[in-house]
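Participant: Chains as they are written, first to last, in my numbering: chain X, 162 to 496; chain C, 55 to 414. Backbone N, C-alpha and C fix where the C-beta goes; we use that ideal spot for every residue, glycine too. Note that this is a predicted model, so its numbers are computed, not measured. Here's a structure for you.
Put into structure tokens, the structure is as follows:
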């Protein structure tokens, strides 16, 4: 019989202490966390800071190319980095479902420890709650990250300018399709892996070696289309995107065609959009393509003059159409 | 280049486009019977490349869009009963009379499960033997055979807690009703690729023979669509309307005999209520007597409630090709994908949704 999480582990008493000591401290140990105070003491961050929080509820918890633990670290590290920052510390809060298999939790915690180590961040505070069976789906993780902003001025969705180049760091839709392919009810065979990865090291190189980056944004939920719309609206400018230049893996294209989905609306967890003056685009692309996190980086379009916050897609045939924001959830079609 | 990419090849497409431009004489109105075609035409940008004299008219080929208010009211009422309602995701946001949809019903406590096939709904019934599971059968000939096969399987396994609320509809009778309607003038019909994989070419013959409408079964890639348009224009120019299968790589002329046989073993033709088109004789599929224990309408004594029409909603006229979506007074103002008034704005294949989403 596998050991399972029971409500006692969330009691705050001895059982909770055992879980913290035998599991979380064992894998996350660092000087900040080891102090075991009510809050983490941060002594070394001065200057503009970037802070972000996110909650991860992915189904399935383990998926090709990652799991909810590494995803919870990558997601927050990347969000902090998108402000032109070096992520330093993260907190993590677990909401565990009664009955969760302890070995699964340990796999997730180990994965978080590995992801934090690769990203160069420390988990310095956290929390654990256990809720009755059915109140959550296995495990929910919240992570909050903080980092030191090194870009000046910091990239922002408001800073796109007419004539800027729009770059993406790799192929679109890998994470979304990898998750869908393993979801109960629509499981199908594909060799597509989630792209979940930390982007902060590559971002830092771009800031230091290219500079003058106007916008950085990771196209997670809602995918490339929705994220481009968010930025176009923030900057109140028109974006013209060339569909043919957007890298999409053949297996992602095929899976989407089968399910009636659009890869441009599928989530990515290890890619980013970079908008910068066109004169810097080649240098930025060279740096991205020489980094394992950006090998398929591509120029996909330009920021235009039109002050309408719209994203226009130039199709392979040379026609044009609107590339709108996703409304609600993408659902497989009926026929 | 793989086969599918060939049907997207810009050079081949632009060549056909040139031929279309040289062949077209005056205005040419063609109806995309299937909503997936409408979406494909927008997605590929073909619409902005074709001459303006080619008028695109949407048709009744989106199963969600043609679901009548009374049918929506019926399944919303069913969802309030003590059962699990299994449905394709497309229907979850479709508003019924009063604006309520399955998503809202779910938030109020109704047990709604999104499934990806009727088999998944049967599995749900097997996994929950204490519950009654009803599958919401909305769709055309494309989906009806798999629902029929699922009912057969349930019968073979002696399953007692599974049933289907069948609002399935058949495409050829709807096309006959449209062709016979003198208000509706089209020069060509782009026939649905998915439905045709099941029924083949024969059931469309009357379109050319009785009504002289050029009709082409087409695929969904840009080259498929452009070729179909060119064939229709050429037929019109020659004055020799025919029904052509231009999607032979997927659609056999004779259709899928096994699927049709299964469909008519489990279902029987019945009159059906279509949004915008009203009652069309023999255009629906009711569960056959032999399988009546799987007919949710009988099991739950479910009738179609009388409902008031949604004021201002012109989905019906859109589905008959009488107006384009942007001619509806509610389009993109009161009726948007976030707050849809009619199903044409909800469905991923709905023409109003396509206009709202893709049109510059």
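Report yes if the CB atom of residue 439 of chain X is closer than 9 Å to the CB atom of residue 287 of chain X, and no otherwise.
Facilitator: Reading the first chain from its first residue, position 278 is the one you call residue 439 of chain X. Reading the first chain from its first residue, position 126 is the one you call residue 287 of chain X. No, they are not a contact pair.
Participant: Contact criterion: CB-CB distance below 9 Å. Does residue 208 of chain C meet it with respect to chain X?
Facilitator: Your numbering for residue 208 of chain C matches position 154 in the second chain. No, its Cβ sits nowhere closer than 9 Å to a Cβ of chain X.
Participant: Near residue 330 of chain X, which residues of its chain fall below 6 Å by C-beta distance, leaving aside the five closest residues on each side in sequence?
Facilitator: Residue 330 of chain X sits at position 169 when you count from the first residue of the first chain. Cβ neighbours of residue 330 of chain X within its own chain (closer than 6 Å, five residues either side excluded): 432, 433, 449, 455 and 458.
Participant: Kindly indicate if chain C contains any beta-carbon less than 9 Å away from that of residue 343 of chain X.
Facilitator: Position 182 of the first chain, counted from the start, is the residue given in the question as residue 343 of chain X. Judged by the 9 Å Cβ criterion, residue 343 of chain X is not in contact with chain C.
Participant: Beta-carbon separation of residue 113 of chain C and residue 280 of chain C under 9 Å?
Facilitator: On the second chain, residue 113 of chain C is found 59 positions in, with the first residue counted as 1. On the second chain, residue 280 of chain C is found 226 positions in, with the first residue counted as 1. No, these two residues do not count as a Cβ contact at 9 Å.
Participant: With distances taken from CA atoms, which of X:194, X:338 and X:322 is nearest residue 413 of chain X?
Facilitator: Taking the first residue of the first chain as 1, we reach residue 413 of chain X at position 252. The shortest Cα separation from residue 413 of chain X among X:194, X:338 and X:322 belongs to X:338.
Participant: Secondary structure at residue 294 of chain C, three-state DSSP: helix, strand or coil?
Facilitator: What you label residue 294 of chain C is simply residue 240 of the second chain in a count that begins at 1. Of the three classes helix, strand and coil, the one that applies to residue 294 of chain C here is coil, per DSSP.
Participant: Could you tell me which whole alpha helix (DSSP H) segments of length 4 or greater appear in the stretch 313-357 of chain X?
Facilitator: 335-341
Participant: Considering Cα atoms alone, identify which of C:200, C:306 and C:340 is closest to residue 322 of chain C.
Facilitator: Walking along the second chain from the start, residue 322 of chain C turns up at place 268. Comparing Cα positions, the closest option is C:340.
Participant: Within the 9 Å Cβ cut-off, does residue 476 of chain X reach chain C?
Facilitator: Translated into the one-based positions of the first chain, residue 476 of chain X becomes position 315. Residue 476 of chain X counts as touching chain C.
Participant: Can you give me, in chain order, the residues of the stretch 458-485 of chain X that have a beta carbon less than 9 Å from any beta carbon in chain C?
Facilitator: 471, 473, 474, 475, 476, 477, 478, 479, 480, 481, 482, 483, 484 and 485
Participant: Can you tell me which of the three DSSP states residue 222 of chain X falls into?
Facilitator: For the purposes of this step, residue 222 of chain X is taken as the residue at position 61 of the first chain. It is coil, neither helix nor strand.
Participant: Using a Cβ-Cβ cut-off of 7 Å (strictly less than) and excluding sequence neighbours within five positions of residue 346 of chain C, which residues of its own chain qualify?
Facilitator: In the second chain, counting from the first residue as 1, residue 346 of chain C sits at position 292. Closer than 7 Å at Cβ, skipping near neighbours: 352.
Participant: Find out if the Cβ-Cβ distance for the pair residue 322 of chain X, residue 294 of chain X is shorter than 9 Å.
Facilitator: Along the first chain, read from residue 1 onward, the residue named residue 322 of chain X stands at position 161. Along the first chain, read from residue 1 onward, the residue named residue 294 of chain X stands at position 133. Contact flag unset, no.
Participant: Give me, in chain order, the residues of the same chain whose beta-carbon lies closer than 7 Å to that of residue 228 of chain C; leave out the 5 immediate sequence neighbours on both sides.
Facilitator: Here the question's residue 228 of chain C lines up with position 174 in the second chain. Once the five neighbours on either side are set aside, the close Cβ partners of residue 228 of chain C are 114, 328, 331, 334 and 337.
Participant: Write down every uninterrupted run of the alpha helix (DSSP H) in the stretch 62-147 of chain C whose length is 4 residues or greater and which is fully enclosed by it, in chain order.
Facilitator: 64-77, 89-97, 100-103 and 123-133
Participant: Determine whether the Cβ of residue 98 of chain C lies closer than 9 Å to any Cβ atom of chain X.
Facilitator: Your numbering for residue 98 of chain C matches position 44 in the second chain. Cβ-Cβ to chain X under 9 Å: yes for residue 98 of chain C.
Participant: If we call anything under 9 Å between Cβ atoms a contact, is residue 215 of chain C one with residue 184 of chain C?
Facilitator: What you label residue 215 of chain C is simply residue 161 of the second chain in a count that begins at 1. What you label residue 184 of chain C is simply residue 130 of the second chain in a count that begins at 1. Cβ distance < 9 Å, so residue 215 of chain C and residue 184 of chain C count as in contact.
Participant: Taking DSSP as the reference, what is the three-state secondary structure of residue 214 of chain X?
Facilitator: Here residue 214 of chain X refers to the residue found at position 53 when the first chain is read from its first residue. Residue state for residue 214 of chain X is assigned as strand, using DSSP reduced to three classes.
Participant: For residue 269 of chain C, which three-state DSSP category applies?
Facilitator: Here residue 269 of chain C is taken as the residue at index 215 of the second chain, counted from 1. DSSP places residue 269 of chain C in strand when its eight states are reduced to three.
Participant: Give a yes or no on whether 9 Å exceeds the smallest Cβ distance from residue 489 of chain X to chain C.
Facilitator: Counted from its first residue, the first chain places residue 489 of chain X at position 328. Chain C, which has a Cβ nearer than 9 Å to the Cβ of residue 489 of chain X, makes this yes.
Participant: Could you tell me the boundaries of the alpha helix (DSSP H) in which residue 249 of chain C lies?
Facilitator: Along the second chain, one-based indexing puts residue 249 of chain C at 195. In the DSSP assignment, residue 249 of chain C falls within the unbroken alpha helix (DSSP H) covering 247-253.
Participant: By the three-class DSSP mapping on this structure, what secondary structure does residue 481 of chain X have?
Facilitator: Here residue 481 of chain X is taken as the residue at index 320 of the first chain, counted from 1. Three-state DSSP puts residue 481 of chain X in a strand.
Participant: Leaving out the 5 sequence neighbours to the left and right, which residues in its chain are closer than 6 Å to residue 214 of chain X when beta-carbon positions are compared?
Facilitator: For the purposes of this step, residue 214 of chain X is taken as the residue at position 53 of the first chain. Cβ neighbours of residue 214 of chain X beyond the five flanking positions: 305.
Participant: I'd like to know whether the C-beta of residue 143 of chain C is nearer than 9 Å to at least one C-beta of chain X.
Facilitator: Position 89 of the second chain, counting from 1, holds the residue named residue 143 of chain C. Residue 143 of chain C counts as touching chain X.
Participant: Given a cut-off of 9 Å on the beta-carbon distance, is the pair residue 271 of chain C and residue 250 of chain C in contact?
Facilitator: Counting from one through the second chain, the residue named residue 271 of chain C turns up at place 217. Counting from one through the second chain, the residue named residue 250 of chain C turns up at place 196. Yes; because the gap between Cβ atoms is below 9 Å, this pair is in contact.
Participant: Can you list, in chain order, the stretches of the beta strand (DSSP E) that have 3 or more residues and sit fully within the stretch 447-478 of chain X?
Facilitator: 459-465 and 472-475
Participant: Considering only C-alpha positions, which residue in the set X:466, X:444, X:435 and X:478 is nearest to residue 245 of chain X?
Facilitator: Mapped onto the first chain, residue 245 of chain X falls at position 84. The option with the nearest alpha carbon to residue 245 of chain X is X:435.
Participant: I want to see whether chain X comes within less than 9 Å of residue 411 of chain C, judged by CB atoms only; does it?
Facilitator: As a first step, residue 411 of chain C is located in the second chain; it is residue number 357 there, counting from the start. With 9 Å as the cut-off, residue 411 of chain C counts as an interface residue toward chain X.
Participant: Can you give the Cα-Cα distance for residue 381 of chain C and residue 152 of chain C, rounded to whole angstroms?
Facilitator: Within the second chain, the letter at position 327 stands for residue 381 of chain C. Within the second chain, the letter at position 98 stands for residue 152 of chain C. When rounded, the distance between both Cα atoms is 23 Å.
Participant: Please identify the residue among X:212, X:208, X:358 and X:427 whose C-alpha is closest to the C-alpha of residue 386 of chain X.
Facilitator: As a working note, residue 386 of chain X is residue 225 in the first chain. Selection X:212, X:208, X:358 and X:427 evaluated against residue 386 of chain X yields X:427 as nearest (Cα-Cα).
Participant: Any beta-carbon of chain X closer than 9 Å to the one on residue 67 of chain C?
Facilitator: Counting from 1 along the second chain, the entry for residue 67 of chain C is found at position 13. With a threshold of 9 Å between beta carbons, residue 67 of chain C makes contact with chain X.
Participant: Using DSSP with H/G/I as helix, E/B as strand and the rest coil, what is residue 311 of chain C?
Facilitator: Numbered from its first residue, the second chain carries residue 311 of chain C at position 257. Residue 311 of chain C falls in the helix class under three-state DSSP.
Participant: Rounded to the nearest angstrom, how far is the Cβ of residue 188 of chain C from that of residue 145 of chain C, given a contact under 8 Å?
Facilitator: To locate residue 188 of chain C, count along the second chain from 1; it is residue 134. To locate residue 145 of chain C, count along the second chain from 1; it is residue 91. That pair is no contact at about 13 Å.
Participant: On a CA-only basis, which of C:226, C:209 and C:225 is nearest residue 218 of chain C? Give me that one, please.
Facilitator: Along the second chain, read from residue 1 onward, the residue named residue 218 of chain C stands at position 164. If we check each option's Cα against that of residue 218 of chain C, C:209 comes out closest.
Participant: Using 9 Å as the limit for Cβ to Cβ distance, is residue 495 of chain X near chain C?
Facilitator: Taking the first residue of the first chain as 1, we reach residue 495 of chain X at position 334. Since pLDDT at residue 495 of chain X reaches only 48, below the 50 mark, its modelled position is unreliable, and the value read off the structure follows with that caveat. It does: the Cβ of residue 495 of chain X has a partner Cβ on chain C nearer than 9 Å.
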